[in-house]
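Asker: Numbering (mature numbering (1 follows the signal peptide of the UniProt record, and there is no 0)), first residue to last: -21 to -1, 1 to 455.
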Amino acid sequence: MGSGVALFTLSFLLAAHHAHSAIGVNWGTLSFHKLRPSTVVDLLKANKITKVKLFDSNPDALRALMGTGIQVMISIPNELLSTFSSDLFVQQNLSRFMGKGGADIRYVAVGNEPFLTSYGGAYQNYVVPAMVNLQQSLVKANLASYVKLVVPCNADAYESNVPSQGTFRPELTQIMTQLVSFLNSNGSPFVVNIYPFLSLYQNSDFPQDFAFFEGSSHPVLDGPNVYYNAFDGNFDTLVSALAKIGYGQMSIVIGEIGWPTDGAVGANLTAARVFNQGLINHLLSNKGTPLRPGSPPMDVYLFGLLDEGAKSTLPGNFERHWGIFSFDGQAKYRLNLGLGNRGLKNAENVQYLPSRWCVAHPEKDMTQVTDHLRLACSQADCTTLNDGGSCSQLGEKDNISYAFNSYYQLQMQNEKSCDFDGLGMVTFLDPSVGDCRFLVGVTDKSSSASELMARWDIYHICIGLVVWALTRCYIL
Ligand SMILES: *[C@@H]1O[C@H](CO)[C@@H](O)[C@H](O)[C@H]1NC(C)=O
Ligand SMILES: *[C@@H]1O[C@H](CO)[C@@H](O)[C@H](O)[C@H]1NC(C)=O
Ligand SMILES: *[C@@H]1O[C@H](CO)[C@@H](O)[C@H](O)[C@H]1NC(C)=O
């Protein structure tokens, strides 16, 4: 009886599990203060995250992922699509890390949003040839049944006013038809990145509540279907576009989705939590969308795991603030990922620099500071100072301090980097104000204190040997 119940529960859980979307994360590394890969992998494990997407095939990250059972998507950057050798890639960047006790690499992303309108077609003709070559190399390496090739597409690859009329952009129709037919014949899903935040950010007429999942006072009517949120509408526009080229049943994975917390009006902790929690609950409810009822996307990778302070701000200052964790692995807000923990768990054993900050000297006149500010903020991250940012309410002098400190931490607290012609000053008192956090950098150097000591000893032994040899010469 007991085991019968257990068995029933087990098969029920398995069945339920099979139907659900799996939640994963994007692990981007464009940060001035990188955590050690092992720290990040421990963070994934502590949060029971079993799927991770990388933007390259960084060997340190892959080594840290070995033996963890975490499923990995690696990527080939757009710039490499025209030049890389698929055989070498499979040997050096893929199979080397796989096998028993290795990294569980399941997907290779060929490019990242290569069809983005703003690239003006620079990459689009390389995608399908690169996939064809890679597929042959995978077959040769006996990995083709295990590792699937995908192409994460931006949502501006398709368009429409209502979901049922979705089509790929006319100039992409031919490439998309080749691509999707290739994906389909190899059992790969279609991967798409969907960002309701960007719709809201780029269009002031976009109804705010339509971006979230809490019901909308502006539902979109599409024949018999009613859409209450931007995500469902966007997803079904893709389903329609796929159907138009003959692949309406293709499985879909969300490669990136999320909400930033800083650097723009509308990018804040509350909005990010409400969006991400709403998304996760929506996915786990298994409701699906009007065109795919009861079948939500297969996998969904949140963007992103950590803030990346070295990203380009071309899209906007929010670009550096997409993490569900700050750059140092600390949870920014309450979030239940639906993976077994109730909330997010912080990174442990983070290696911070000493608790020191660089600030504007309180007794100095700051009229000559402009060039220093420009330099500091062109290299370090000052995006939170701008409109809508968490530090936008600082006064003039605190503004300067913030910029000085960002630069000082970027320079790993090098003493000279806090000089600014005598205008800067190191302090041991945390200058953070309210939500505005003055950071202390972290170091991803794996050198523990004992390793440093060992190196120090070797250094002394070497000096000793040299001195000894010199004295010998002298004596002789
Ligand atoms: C393969 O890995 C190496 C070492 O990390 C990297 O330099 C190279 O760009 C990678 N190749 C591709 C095509 O990603
Ligand atoms: C946070 O962002 C949301 C929408 O993105 C906005 O409605 C709200 O006013 C913002 N909250 C604050 C405190 O700025
Ligand atoms: C602080 O810096 C930001 C960004 O440069 C600027 O918009 C704001 O006006 C500054 N505030 C003061 C009080 O100087």
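Note that beta-carbon positions come from the ideal geometry of N, C-alpha and C, so glycine has one too. All figures in this text were calculated on a predicted structure; none of them were measured in a lab.
Who's in the neighbourhood of ligand 1, going by beta-carbon under 7 Å from any heavy atom, listed in chain order?
Answerer: Those residues are 35, 36, 37, 38, 55, 56, 59, 63, 68, 71 and 72, given in chain order.
Asker: Nearest CA to the CA of residue 151: which residue from 395, 132 and 361?
Answerer: Here residue 151 refers to the residue found at position 172 of the sequence shown. Of the candidates 395, 132 and 361, the one whose C-alpha sits nearest the C-alpha of residue 151 is 132.
Asker: If I follow the unbroken beta strand (DSSP E) through residue 361, where does it start and stop?
Answerer: Taking the first residue of the sequence shown as position 1, residue 361 is located at position 382. Careful: residue 361 lies outside any beta strand (DSSP E) and carries neither H nor E.
Asker: Strictly by DSSP, which residues pair up with residue 199?
Answerer: On the sequence shown, residue 199 is found 220 positions in, with the first residue counted as 1. Answer is 206, bridged to residue 199.
Asker: Look at the Cβ atom of residue 213, then the Cβ atom of residue 18, and state whether they are nearer than 8 Å.
Answerer: Counting from 1 along the sequence shown, the entry for residue 213 is found at position 234. Counting from 1 along the sequence shown, the entry for residue 18 is found at position 39. No; because the gap between Cβ atoms is not below 8 Å, this pair is not in contact.
Asker: Between the C-alpha atoms of residue 482 and residue 12, what's the straight-line distance to the nearest angstrom?
Answerer: Because the chain is modelled from -21 through 455, residue 482 falls outside the range shown and cannot be assessed.
Asker: Extract the residue ranges of the beta strand (DSSP E) inside the segment 155 to 239, only unbroken runs of 3 or more that lie entirely within it.
Answerer: Complete beta strand (DSSP E) runs here, min 3: 169 to 172, 199 to 201, 204 to 206 and 231 to 236.
Asker: Should the segment 133 to 153 be called in touch with the segment 216 to 235, which here means at least 3 C-beta pairs below 8 Å?
Answerer: Touching, yes.
Asker: With distances taken between CB atoms, is the gap from residue 112 to residue 65 smaller than 8 Å?
Answerer: Taking the sequence shown and counting its residues from 1, the one referred to as residue 112 is at position 133. Taking the sequence shown and counting its residues from 1, the one referred to as residue 65 is at position 86. Yes, these two residues count as a Cβ contact at 8 Å.
Asker: Is it the case that the CB of residue 368 approaches a heavy atom of ligand 2 more closely than 7 Å?
Answerer: Taking the first residue of the sequence shown as 1, we reach residue 368 at position 389. False, no ligand heavy atom lies under 7 Å from that Cβ.
Asker: Cutting at 6 Å between CB atoms, please list the residues of its own chain near residue 367, excluding the five before and the five after it.
Answerer: Translated into positions along the sequence shown, residue 367 becomes position 388. Within the same chain, residue 367 has close Cβ partners 243 and 244.
Asker: Run through the segment 316 to 367 for me and flag every whole alpha helix (DSSP H) of 4 or more residues, listed as ranges in chain order.
Answerer: Listed in chain order, the complete alpha helix (DSSP H) runs (minimum 4 residues) inside the segment 316 to 367 are 349 to 358.
Asker: Count the CB pairs spanning the segment 312 to 332 and the segment 245 to 265 that are closer than 8 Å, and state whether there are at least three.
Answerer: Yes, the segment 312 to 332 is in contact with the segment 245 to 265.
Asker: Around the Cβ of residue 8, are there at least 16 other Cβ atoms within 10 angstroms (buried) or fewer (exposed)?
Answerer: Within the sequence shown, numbered from 1, the residue matching residue 8 stands at position 29. It is buried - the Cβ of residue 8 has at least 16 other Cβ atoms within 10 Å.
Asker: Given residue 411, which residues of its chain have a CB within under 7 Å of its CB, disregarding the five upstream and five downstream residues?
Answerer: For the purposes of this step, residue 411 is identified with residue 432 of the sequence shown, where counting begins at 1. Closer than 7 Å at the Cβ level, and outside the excluded window around residue 411, lie 417.
Asker: State yes or no: is the beta carbon of residue 82 nearer than 8 Å to at least one beta carbon in chain B?
Answerer: No chain B is part of this structure, which consists of one protein chain only.
Asker: Three or more C-beta pairs under 8 Å: does that hold for the segment 334 to 342 against the segment 377 to 388?
Answerer: Yes, they touch.
Asker: Could you tell me the distance, in whole angstroms, from the CA atom of residue 346 to the CA atom of residue 2?
Answerer: The residue given as residue 346 occupies position 367 in the sequence shown. The residue given as residue 2 occupies position 23 in the sequence shown. If I take the Cα positions, the gap works out to 51 Å.
Asker: Please name the residue in 355, 187 and 400 whose C-alpha comes closest to that of residue 344.
Answerer: By one-based count along the sequence shown, residue 344 stands at place 365. Ranking 355, 187 and 400 by Cα distance to residue 344 puts 400 first.
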